[in-house]
Amino acid sequence: MALKPILLADDLLDTSRSGLARSKLLRDFCEELASRLNSDLQVLYVDNINSYKIPYIEKKKLTLKKDKLLSFLRNHFSRCVFHTNVATRIGDPTLSILREEQKNEYEFVVVGSRGNRGLKKAILGSVSEEILRRSSDPVIVFGPEAQNLKYQLDPEESLKILCLTDLTKASVPAEKLAVKLGQKLGGHLTVCYSAGDMLHELRETFVSRGIKPSLRVFSKKNIKQHEKSLERKVSSLRRKLFSVDSLFLEQPGILEEQVSKEVKGVYDLIVMGTHSRRKFLKNFIGSSTRGMILSSPVPVVVVPSSEVEKA
Numbered sequence: 006m007a008l009k010p011i012l013l014a015d016d017l018l019d020t021s022r023s024g025l026a027r028s029k030l031l032r033d034f035c036e037e038l039a040s041r042l043n044s045d046l047q048v049l050y051v052d053n054i055n056s057y058k059i060p061y062i063e064k065k066k067l068t069l070k071k072d073k074l075l076s077f078l079r080n081h082f083s084r085c086v087f088h089t090n091v092a093t094r095i096g097d098p099t100l101s102i103l104r105e106e107q108k109n110e111y112e113f114v115v116v117g118s119r120g121n122r123g124l125k126k127a128i129l130g131s132v133s134e135e136i137l138r139r140s141s142d143p144v145i146v147f148g149p150e151a152q153n154l155k156y157q158l159d160p161e162e163s164l165k166i167l168c169l170t171d172l173t174k175a176s177v178p179a180e181k182l183a184v185k186l187g188q189k190l191g192g193h194l195t196v197c198y199s200a201g202d203m204l205h206e207l208r209e210t211f212v213s214r215g216i217k218p219s220l221r222v223f224s225k226k227n228i229k230q231h232e233k234s235l236e237r238k239v240s241s242l243r244r245k246l247f248s249v250d251s252l253f254l255e256q257p258g259i260l261e262e263q264v265s266k267e268v269k270g271v272y273d274l275i276v277m278g279t280h281s282r283r284k285f286l287k288n289f290i291g292s293s294t295r296g297m298i299l300s301s302p303v304p305v306v307v308v309p310s311s312e313v314e315k316a
């Protein structure tokens, strides 16, 4: 049975070297994923040219360049074995993408991030961050590291998926989607829990309150318990997908740094959830989600963590 279509949202007017490279990565990825999933592909380019404060003659040149590129892309996608539709919208990119998502049902929304790590804080591109914050569908994000490494899905290899869990109900939607992908693609799923990230967060909390951190007792009492919880979860998931194993990260450390080391050269996708809607809005997209997207060498699938978020 075919899944719902995939929505690829991209910037047609970014004709810089990095912009063109990012667009090609997104196209190649979506074509391979749509082919494997037997899904249709909706490609959306948003034209916000009227917001550019440039002379009329320059806008005309830009419009001609855009039309030429759009013609090339339509011809390119017409050769795909699955159904593909290329559409353009005029207006604000974020609102246009969200309206398209609300108008039709999609399996995924795929975007590229222009994010970078500034001296003061890590940031994502404004459009990708807003889509992550407001989308009701899973969003696949190509962060800067995945773009720099020219990530590609190998058509000859089965998909290897790493699903991050916090062992609570908040991670269930992400786990379900990871299993669904494994079933449809015949891939292998690894469910990952980081006790080390939890210990790191506790240590940081103690330090911020002026308390000398001593987590030895906590570690002995809880790490084994969390490890057993992870194994129970994996055993449960094996009823739905045979090829499942676990990855338990015990050493204290920041989640995105731990995972990035494990992922490179091993996994094709990271699947993770968000917080509840209230916490999600408060933290914007959450530091762990943001950090994972910025540092991951592979695309990150961000799944709304509750049905409340879809309301």
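For any residue, its number in the numbering used here is found by taking its place in the sequence shown, counting from 1, and adding 5. Each residue gets a CB set at the ideal place from its N, CA and C atoms; glycine is no exception.
ask   = From Arg104 to Gly278, what does the alpha carbon distance come to, in whole angstroms?
value = 23 Å
request  = Scan the region 73-113 and note each continuous alpha helix (DSSP H) run of 4 residues or more that stays entirely inside, going in chain order.
outcome  = 98-108
query = Pick from Leu190, Arg237, Ser28 and Leu235: whose alpha carbon is nearest that of Leu274?
reply = Leu190
key: Inter-residue Cα distance where the pair is Val264 and Lys165   = 14 Å
key: Ser240 classed as buried or exposed, judged by whether at least 16 other C-beta atoms fall within 10 angstroms   = exposed
query = Taking DSSP as the reference, what is the three-state secondary structure of Asp142?
reply = coil
key: For Asn43, the nearest candidate out of Val177, Val86 and Ser101 (CA to CA)   = Val86
key: Residue range of the unbroken beta strand (DSSP E) whose run includes Ala14   = Ile11 to Asp15
request  = For the alpha helix (DSSP H) containing Ile298, list its first residue and its last residue.
outcome  = Ser292 to Ser300
message = One question on the structure: do Leu235 and Leu194 come within less than 9 Å of each other, judged by their Cβ atoms?
response = no
inquiry  = At the level of alpha carbons, what is the spacing between Glu36 and Leu46?
reply    = 8 Å
request  = Excluding the 5 residues preceding and the 5 following Lys269 in the sequence, name in chain order all residues of the same chain whose CB lies nearer than 6 Å to its CB.
outcome  = Pro302
query = Who are the Cβ neighbours of His88 in its own chain at under 8 Å, not counting the five residues just before and after it?
reply = Asp45 and Leu46
query = By a C-beta neighbour count over all protein chains shown, 10 Å radius and 16 as the cutoff for buried, is Asp15 buried or exposed?
reply = buried
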